[in-house]
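Report on one structure; see the data block that follows.
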Amino acid sequence: MAQNPFDLSGKVALVTGANTGIGQGIAVALAKAGADIVLTARRDPSETRQLVEAQGVRAHVVMADLSSTEPCERIVSETVEAFGRLDILVNNAGIIRRNDALDFTEDDWDAVMDTNLKVLFFLCQAAGRRMAENGGGSIINIASMLTFQGGIRVASYTASKSGVGGLTKLLANEWAAKGINVNAIAPGYIATNNTAALQADSDRNRQILERIPAGRWGEPDDIGGAAVFLASDAARYVQGHVLAVDGGWLAR
Ligand code: NAP
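The sequence shown begins at 1 in UniProt numbering and counts up one residue at a time.
Here's what the structure looks like:
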């Protein structure tokens with residue numbers, strides 16, 4: 001094992017949905033650990049780019065809309081064109097739609113399942129093919145508390161994130177012997193755009209805070225350390241694991 005098993009110097013990491021929130025937190029943490037970062041976003045991720053470059057590593061942006069599988073191959077090939085390799089994929093981009101199950105629309109089902117699960121799988125496939133050719137890599141999928149729990153009024157989100165947990169294990173089973181580590185991070189309640197509606201709802205906000213042993217919402221930064229660990233040599237014997245980073249929510 002390397003002298004510092006968490007060192008990512010010389011590695012290239014691709015982070016989806018990197019313009020904001022958890023994706024930005026992970027991109028900056030991987031950069032601090034020494035990785036060059038490819039950021040995918042559908043809006044200009046200039047703030048993340050600056051934060052990454054401030055760590056003394058290289059950043060490259062690939063613009064892509066992840067509502068369909070169309071850009072998956074291009075994202076991986078542009079990454080390799082830019083930096084010559086791909087070692088780490090973080091599937092972070094995701095959306096949520098809220099409605100009662102009785103009223104839930106097909107559009108709200110398809111939009112969430114497509115971005116959160118279908119595109120995630122085909123990006124794993126495109127990256128996995130490249131990593132298999134090059135002797136290995138690390139894939140980190142962003143799951144959720146709703147990988148473990150049912151949630152309420154978020155039918156397609158729960159289905160998609162439960163699927164992310166299952167797919168992470170399936171891919172680990174198929175690819176561990178190829179040197180590709182596939183794991184997931186299940187963030188607890190993190191203060192981002194994704195949870196703005198919950199934070200703004202004073203009853204739900206109070207109920208959530210009462211249940212978090214750490215007594216606060218998480219910050220995108222709180223997820224970064226787990227991503228560095230799972231991307232690094234320190235996690236080389238960790239496969240198919242869904243790591244909760246939740247301030248103790250699931251322990252309650
Ligand atoms: P966020 O701030 O809304 O970030 C979501 C990211 O995904 C944004 O960069 C967004 O881009 C991108 N994205 C969504 N749809 C896209 C598309 N069609 N094409 C390209 N990019 C797209 O929310 P977040 O909380 O950081 O969420 C990041 C991940 O963590 C998601 O998978 C989410 O489900 C998961 N998660 C969040 C929490 C939490 O408490 N916040 C908890 C568990 C899991 P735009 O900015 O352009 O929309």
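The C-beta atom is built at its ideal place from N, Cα and C for all residues, glycine as well. Because the structure is a prediction, the values reported are computed rather than measured.
DSSP lists T40 as the beta-bridge partner residues of T16. The alpha-carbon of A64 is positioned some 37 Å away from that of G215. Taking C-alpha positions only, Y237 is separated from I75 by approximately 28 Å. Here A186 is near A244, since their CB atoms are less than 7 Å apart.
As DSSP reads the structure, I88 sits in a beta bridge with A13, S138. Residue pairing by DSSP places H60 opposite V38 in a beta bridge. Comparing alpha-carbon positions, the option among A59, L30, S9 lying closest to D222 turns out to be L30.
Judged by DSSP in its simplified three-state form, G218 adopts strand. DSSP places I208 in the helix class (H, G or I) of the three-state scheme.
Distances taken from the Cβ of Y189 to the heavy atoms of the ligand NAP include one shorter than 6 Å. Under the 8 Å Cβ criterion, the stretch 37-46 counts as touching the stretch 12-22, having at least three qualifying pairs. Distance from N92 to I142 at the Cβ level is roughly 5 Å; contact confirmed, criterion being Cβ atoms closer than 8 Å. At a Cβ-Cβ threshold of 7 Å, P71 and D233 do not count as neighbours.
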